[in-house]
Amino acid sequence: MIEWQENDEATADVLRTFKAEPLFRQLPFLAILGEPNSVLNWDILPVEDYLRRKDLEAEVLNRVELCILRSERLLEINPLTRLPGNISINREIQSRLDRGEEFDLAYADLDHFKPFNDKYGFSRGDEVLRVMGRLILSIVQSRQPRGSYIGHIGGDDFIFIMDVGLAEAVSKAIVEAFDQIIPTFYDPDDRGRGYIESVDRQGQIRHFPLMTVSIGGVTHRRAHGLSHYGELTEAVSQMKCYAKSQSGSCFRSDQRAPVPSGSHGPLSSKISLP
3 MIEWQENDEA
13 TADVLRTFKA
23 EPLFRQLPFL
33 AILGEPNSVL
43 NWDILPVEDY
53 LRRKDLEAEV
63 LNRVELCILR
73 SERLLEINPL
83 TRLPGNISIN
93 REIQSRLDRG
103 EEFDLAYADL
113 DHFKPFNDKY
123 GFSRGDEVLR
133 VMGRLILSIV
143 QSRQPRGSYI
153 GHIGGDDFIF
163 IMDVGLAEAV
173 SKAIVEAFDQ
183 IIPTFYDPDD
193 RGRGYIESVD
203 RQGQIRHFPL
213 MTVSIGGVTH
223 RRAHGLSHYG
233 ELTEAVSQMK
243 CYAKSQSGSC
253 FRSDQRAPVP
263 SGSHGPLSSK
273 ISLP
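Every number in the numbering used here is 2 more than the matching position in the sequence shown, counting from 1.
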């Protein structure tokens, strides 16, 4: 919280220095203004909110709390897709577990995204991620407008939560729509060949297929007795990895209860989408 006087360049310089530092740029600043006719130049003074001095005693606690909450919300949103990020996702899953809800949890991951990103550049890669986010959001909300949840874990990983029994049909629709859309992101020659040439992690030139999407799913039931979101995210991550081991776009779900942390057992496949 800073007190701002008109033409106070020293204070403005300190604020700009803070905002230029990656570790501090997210800190919210509240400016205290004097006379009601004081007008902030937002380009010169990078603050998140302001408060008139005459209202300081009555409003300062509410304004400070609001600034902090607003900054926390922004940090929890993926800046690329504007979908909730990892912190919000974990909180949402935990809240549903605490309320004893039953639900489907699905984890979608793009295959061969890194070679595409390496060849075509991060700008085109970012557009793929934005389209993927909008695609999942549109299909999930069209099937369940209320009570569903969509999040962007980071990179090319997404999750969605729906009522029990809905994730299978939604995943099939996502797979079909993705496979129709994704070839348009490739140059005509690569699209015609059905693969791209790119460098792998060992520095060798390889052929990589066009991108596909792998989706793993689990269903949480109250009878499973899970109490921590980590148990459920571990189970759905295993199913996502199992889906990625298959060729092409596909969905795999677990028929059993999610495996509690520290336990291990075979995973069973329920669905395969061509």
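Glycine included, each C-beta is placed from N, C-alpha and C at the ideal position.
Spatial neighbours of residue i in its chain, beta-carbon cut-off 6 Å, leaving aside the 5 residues before and after
{"i": "Val49", "result": "Phe31, Ala33"}
{"i": "Asp181", "result": "Ser251"}
Residues near residue i in its chain [Cβ-Cβ closer than 7 Å; skip 5 each side]
{"i": "Ile155", "result": "Asn88, Ile91, Ile161"}
Residue i CB to nearest heavy atom of the ligand COA below 7 Å
{"i": "Leu35", "result": "The ligand COA is absent from the structure shown, which contains no ligand whatsoever."}
Residue i burial status per 10 Å Cβ neighbour count (16 or more: buried)
{"i": "Gly127", "result": "buried"}
{"i": "Arg18", "result": "exposed"}
{"i": "Pro117", "result": "buried"}
{"i": "Ile183", "result": "exposed"}
{"i": "Arg93", "result": "exposed"}
Under the three-state DSSP convention, the category residue i falls into
{"i": "Arg288", "result": "In this structure the chain extends from 3 to 276, so residue 288 is not present and cannot be described."}
{"i": "Leu221", "result": "A small fix is needed here, since residue 221 is Thr in this sequence, not Leu. Three-state result, Thr221: strand."}
{"i": "Ser83", "result": "Per the sequence presented here, residue 83 reads as Thr, with Ser not at that position. Three-state DSSP puts Thr83 in coil, outside helix and strand."}
{"i": "Leu58", "result": "helix"}
{"i": "Met241", "result": "helix"}
{"i": "Ile46", "result": "coil"}
{"i": "Glu23", "result": "coil"}
{"i": "Gly227", "result": "coil"}
Contact check, residue i vs residue j, beta carbons under 8 Å
{"i": "Val172", "j": "Val142", "result": "yes"}
{"i": "Leu47", "j": "Ala22", "result": "no"}
{"i": "Tyr231", "j": "Ile79", "result": "no"}
{"i": "Glu104", "j": "His222", "result": "yes"}
Sequence-distant residues of the same chain with beta carbon closer than 8 Å to residue i, five excluded per side
{"i": "Val132", "result": "According to the sequence displayed, residue 132 carries Arg and not Val. Only Leu82, Thr83 meet the Cβ criterion."}
{"i": "Arg195", "result": "none"}
{"i": "Tyr197", "result": "His209, Phe210, Pro211, Leu212"}
8 Å contact criterion, which residue i and residue j should meet: CB distance rounded
{"i": "Gly218", "j": "Val238", "result": "5 Å"}
{"i": "Thr214", "j": "Asp113", "result": "5 Å"}
{"i": "Val220", "j": "Ser255", "result": "7 Å"}
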